[in-house]
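Counting in this note's numbering, the sequence shown runs from 3 upward without gaps.
Quick reminder that beta carbons are idealized off the backbone N, C-alpha and C, glycines included.
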Amino acid sequence: MKAHSIELMMVVLCLAVGVLANGQISRVHLGWSQNDVYTTMTVMWHSPVLESQYVIYDLQSRTHVDEYEWHLDGSGMAIQPTIGTDGQTISTTALPGYTYRAELVGLEPGVPYYFRVVDEAGCATEEWWLRTIEPDQAVRFAFAGDSQRPHETPEGDFGQLLGKPASPANWPFMRDFLTQQAGAADPDFMLALGDLVSRGNNPDQWENWFDAWQEHAISPSGRMIPIVPVVGNHDLGDIPPNTVSSYEWMVGQFAMPQSVPGPPCYSLDFPELHLTVLAATGGHLIGTSSAAAAEAAAQAAWLENDLAGAGAQGASWRLVAFHYNYLGCFAPCNSNLYDVYPQAWSKILQDSDVDMVLMGHAHNYTRTWPVSLDTGNLCSGGGLLFDLHNHSEDGITYVTAGIWGGPTNWIVSGTACALRPWIAAAASHPAMGLIELTATSLTGFVRDTVGQLDDFQLPYVTSTFDPPDYTQGIP
């Protein structure tokens, strides 16, 4: 049979069954490219070829690709960073293939849309559906960070059990299980708190992550969950000498409102919620204090303006997300780069009445009591100057959730990672968090593979600051 006859038969087959038959489209995911969660949604995907590919969508589920009411062409681009995290020109090798994006606009708020992605030959993916946000709805979102592969060892992925016995990780199975649990909860979006992969310039790791997301981040009814991404230090590239460190490895593959060089910071407005996303990475996979200070300073004025804007001031809840954590299990005020971000941002956060900060980086879970920092003199004599508050509205709740299936940082008394006086809840387990918001309440649930790790609701009043009920340790 002639080659062109086989190609024609393949096209006919694709059009007939409406499934992907030639492997040209993968890693499909959703997000927002602008601060409009009510009438827009961006569809993103990967392909090994640069050709005419597009999204087809409709208000009804369809069997064949030619039945869909609308289509929108995608725009493909290679991911080859040219600007480093320090703003200097760098030379890198492009990730294989092309990342496509198609921003659907003019959608109806709170309405389901069924969609597929189609390649130039007419072969389509399976059908999923998406849902825009309803202006009056209660918002629910999942949250977790640090889903990267375990520590690299000569024995491979599972050799970390030998080389790093204190940091076990049933990877990628735990990551995939938790992603599936997030999909089953049917949240409005997933807040991904950084360090999604171990090496941001490694194409195999991104392929593994996106393939797992496409498979597991699906609701029981087939709805694909949008991603709100936070950049982490591991997402920036390879280990020192840091010659390939760039935000573009991650920014180019996700939908997010910011599209200019520099630290990826942006905000999204949902019903009763203003969510601000910052870049706190240390500037490299293994960060430096100078790079962290430059990164924090580059976002400070933007952060202050964002939290003073109409979106934040009109919201019942103001939440901020970034990767490098603070007020977790590791002691602050050790002259390290972890102190840079609260020194640059804590006064802005407190003056702007931020309710909660969500972070990753430490591979465990902690939640603080309502806390405020002495922004004029953060550290004194090597110790942190802070106050705990009886009423949650008088302080900020800091949540560290680097719990998405990466290797565990055990919280153990007498070690660098220990219970601290500001910690109200703690766990050393992979898990997934969920937050539900109304005009008057913020309710959080954190669950591991067997059940409850933490439940909380804001606002609240406490008369004591008891240490958490925590009995875990290295087995």
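- Annotation for R103: the continuous beta strand (DSSP E) segment containing it runs Y100 to L106.
- Counting every other CB atom within 10 Å of its CB across the protein chains shown gives H393 a total below 16, marking it as exposed.
- For T278 and I135, the gap between their C-alpha atoms comes out near 18 Å.
- Residue state for P231 is assigned as strand, using DSSP reduced to three classes.
- In the DSSP assignment, E438 falls within the unbroken beta strand (DSSP E) covering M434 to L439.
- In the three-state scheme derived from DSSP, where H, G and I count as helix and E and B as strand, Q352 is classed as helix.
- Secondary structure of S269 (DSSP, three-state): strand.
- When C-alpha distances from T377 are compared across L387, P243 and S63, the shortest belongs to L387.
- Looking at the DSSP output, H73 bridges to I58.
- In the DSSP assignment, G202 falls outside any alpha helix (DSSP H) and carries neither an H nor an E.
- Here V253 carries a helix assignment [DSSP, helix/strand/coil].
- Here A299 has A346 as same chain residues with Cβ atoms under 7 Å from its own Cβ, once five neighbours each way along the sequence are excluded.
- The beta carbons of I413 and C335 sit no closer together than 7 Å.
- The straight-line gap separating the alpha-carbon atoms of I85 and A281 is approximately 16 Å.
- No Cβ-Cβ contact shorter than 7 Å links H431 with G404.
- Contact between the stretch 312 to 329 and the stretch 435 to 448 is present: 3 or more CB-CB pairs across the two stretches fall below 8 Å.
- Setting aside the 5 residues that flank it on each side, W130 is surrounded in the same chain by V30, Y116, F117, R118, I220, G224, R225 and M226, each with a C-beta closer than 8 Å to its C-beta; the list follows chain order.
- With 16 or more other CB atoms across the displayed protein chains lying within 10 angstroms of its CB, W251 is buried.
- Per DSSP, D450 is not a residue of any beta strand (DSSP E), being assigned neither H nor E.
- When Y400, Q36 and A140 are compared, the shortest CA-CA separation from V107 is found for Q36.
- By alpha-carbon distance to A187, the top candidate from R142, Q207 and V230 is R142.
- In the DSSP secondary-structure assignment, W319 is bridged to L275.
- Separation of the CB atoms of P273 and D138 is rounded to 6 Å, and the pair is thereby assigned contact status at 8 Å.
- If you ignore the 5 residues before and after D121, its C-beta comes within less than 6 Å of the C-beta of Q26, I27 and Q55, all in its own chain and listed in chain order.
- The count of Cβ pairs closer than 8 Å, one atom from the stretch 416 to 424 and one from the stretch 185 to 199, stays below three, leaving the stretches out of contact.
- Nearest to T410 by C-alpha distance, out of D471, G112, R103 and D148, is D148.
- Residue Y462 holds the alpha-carbon nearest to the alpha-carbon of G397 among Y462, D457, W208 and Y367.
- S292 counts as exposed, since fewer than 16 other C-beta atoms from the protein chains shown sit within 10 angstroms of its C-beta.
- For A194, the enclosing beta strand (DSSP E) starts and ends at F191 to A194.
- If you look at R177, you'll find it in the alpha helix (DSSP H) that goes F175 to A186.
- Separation of the CB atoms of I437 and F145 is rounded to 7 Å, and the pair is thereby assigned contact status at 8 Å.
- DSSP places D308 inside the alpha helix (DSSP H), whose first and last residues are S291 to A310.
- Counting along the chain, I135 sits inside no beta strand (DSSP E), nor does DSSP assign it H or E at all.
- In terms of Cβ geometry, T402 and N327 form a close pair [threshold 7 Å].
- DSSP, read as helix, strand or coil, puts L339 in helix.
- Taking 7 Å as the cut-off, the Cβ atoms of H276 and A333 do not count as close.
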